[in-house]
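This note's numbering puts the first residue of the sequence shown at 21, with every later residue one more than the last.
For reference, the structure is listed below as structure tokens.
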Amino acid sequence: MSDDVSDFNKARWEDLAQAGVEWSQPWIDLDMASAREQLDPYEIMGNVTGKSVLCLAGGGGQQSVAFGLLGADVTVIDIAETQLERDQQALAHHGLTARIEQGDMRDLSRFADDSFDLVWNAWAINFVPDTGPVFNEVRRVLRPGGLYRLVWGNPFSGMIDETDWVQDGYLLKRVYADGEVIMDDMDWEIEAEDGSIKKIPGPREFIHTVSTVVNGLIGRGFEILGLWEEEKGDPLAEPGSWEYLKALAPHNISLWSRYRGE
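This is how it looks when you write it as structure tokens:
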């Protein structure tokens, strides 16, 4: 699948990965204990040894390694080749293997129905305008009883710029609705090894409200197992900073669900 959004975001993610964005830094120092803590802090996932796992839009050399260390049969698909190169590097470091595929998360036609026991969807669904095609494909490739773990952006966080601090609060000035995020500054700041900050143009992003995500999954036969706010920031940070904004509006929402089948 290719459209203006995917073409634009692929180019942006190639640049971000090459610049060393956080999500393109392979997890080299993992062991089995730390891998499980990274993947399953809420103890939902269970034993994945021998299970077929799809890391959906999950390149970067992180979750693929963690699942591999836990004995899973891992497949990774990501839109950016540089992200997939990070997976190959990290897997080789740990002596692991995985199936590596380049592609859009909305088109999993290369995979047969009922292919996976678990789909791990890292923070990526906010880079597509509609959750429906992703959820339809996840439902198709998951076996009945399979797990789907999704992380997406807290819609309230997407409605506020970190610099919108006014005296003693943030301006809530955007309508709470699904749609494209238009920030005053769309560049991402990336810290280099020497501590300097680089600004890289970011991808297009889209708000998906909580009701859109939760009801979209329920309507497709998924049972919600739990939902958590994550990346909560520092309430003692400087007001108007990114860390302080996250303390008021946690950046991520994490959700586990189980596909009940038709």
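Just so it is clear, CB atoms sit at the ideal spot from N, CA and C, and this is done for glycine as well.
None of the values given here were measured: they were computed from a predicted structure.
- Query: Among the residues of its own chain, which have a CB less than 8 Å from the CB of Asp35, if the five just before and after it don't count?
  - Reply: Ile220, Pro221
- Message: Quick check on this structure: which residue in His114, Ile64, Glu101, Ala112 has the alpha carbon closest to the alpha carbon of Gln122?
- Response: Glu101
- Query: For Thr183, which three-state DSSP category applies?
  - Reply: coil
- Would you kindly work out how many angstroms separate the C-alpha atoms of Val85 and Val73, rounded to a whole number? 12 Å
- Three-state class that DSSP yields for Pro61 in the structure shown: coil
- Task: Kindly give me the distance between the Cβ atoms of Gln103 and Gly88, rounded to whole angstroms, as I take these residues to be in contact under 8 Å.
- Result: With a Cβ gap of about 16 Å, Gln103 and Gly88 do not count as contacting.
- Query: With distances taken between CB atoms, is the gap from Asp184 to Met203 smaller than 7 Å?
  - Reply: no
- Query: At a Cβ threshold of 7 Å, is Leu191 touching chain B?
  - Reply: Protein chain content of the structure displayed is limited to a single chain, and chain B is not contained in it.
- CB-CB under 6 Å to Ser135, same chain, minus the five flanking residues each way: which ones, in chain order? Taken in chain order, the residues that qualify are Val161.
- Query: Is Ile273 helix, strand or coil when you go by DSSP?
  - Reply: strand
- Since I believe Asp98 is in contact with Ala77 (beta carbons under 8 Å), could you give me their beta-carbon distance rounded to a whole number of angstroms? 6 Å
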